[in-house]
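Numbering (the numbering used here), first residue to last: 1 to 146.
Ideal Cβ positions, reconstructed from N, Cα and C, are used throughout, including at glycine.
Taking it in order: structure first as structure tokens, then the write-up.
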């Protein structure tokens, strides 16, 4: 029996389509990162100062909060896929590979969830402050009308 054909030698070694998905995700998230980073840099330049109150007021709007959440998701997704491919290609011991992938998954999901939580907290706090100020002004008007 001979060595067989080239196709016969590689058959069963894995799908030839696996890498395309990761490659496309990396490109799409990279484009998203560029666009959203340009938005972030423009926001930093256009805001009058870097005080927490200024950012809190700015991020309490719907569009800036959504863009910031998209930036957080895009950055962590991009990092996750890049590190996953790196680990799958260069870590060969199964136990080490599993531990590294689990750590990358935990870090990516944990970081994204924390970032989204912080943006949501800023939005809710700013809206709560505005509602409290409105209620206080209404109460003062009622007190002054008596």
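Give the straight-line distance between the Cα atoms of residue i and residue j, rounded to the nearest whole angstrom.
{"i": "residue 63", "j": "residue 55", "result": "13 Å"}
{"i": "residue 110", "j": "residue 83", "result": "15 Å"}
{"i": "residue 115", "j": "residue 130", "result": "23 Å"}
{"i": "residue 26", "j": "residue 50", "result": "31 Å"}
{"i": "residue 101", "j": "residue 107", "result": "10 Å"}
{"i": "residue 121", "j": "residue 53", "result": "13 Å"}
{"i": "residue 90", "j": "residue 134", "result": "58 Å"}
{"i": "residue 104", "j": "residue 92", "result": "16 Å"}
{"i": "residue 39", "j": "residue 73", "result": "15 Å"}
{"i": "residue 42", "j": "residue 95", "result": "44 Å"}
{"i": "residue 35", "j": "residue 24", "result": "17 Å"}
{"i": "residue 140", "j": "residue 132", "result": "12 Å"}
{"i": "residue 117", "j": "residue 128", "result": "16 Å"}
{"i": "residue 137", "j": "residue 45", "result": "34 Å"}
For residue i, which residues of its own chain have a beta-carbon under 7 Å away from its beta-carbon, when the five flanking residues on both sides are left out?
{"i": "residue 65", "result": "59, 119 and 123"}
{"i": "residue 126", "result": "56, 57 and 60"}
{"i": "residue 78", "result": "26, 29, 30 and 33"}
{"i": "residue 85", "result": "22"}
Does the beta-carbon of residue i have 16 or more other beta-carbons within 10 angstroms, so that it is buried, or is it exposed?
{"i": "residue 69", "result": "buried"}
{"i": "residue 75", "result": "buried"}
{"i": "residue 21", "result": "exposed"}
{"i": "residue 81", "result": "buried"}
{"i": "residue 112", "result": "buried"}
Keeping to the same chain, check which residues put their C-beta closer than 8 Å to that of residue i; ignore five residues upstream and five downstream.
{"i": "residue 37", "result": "71"}
{"i": "residue 156", "result": "Past the edges of the chain, shown from 1 to 146, lies residue 156, and the structure says nothing about it."}
{"i": "residue 99", "result": "none"}
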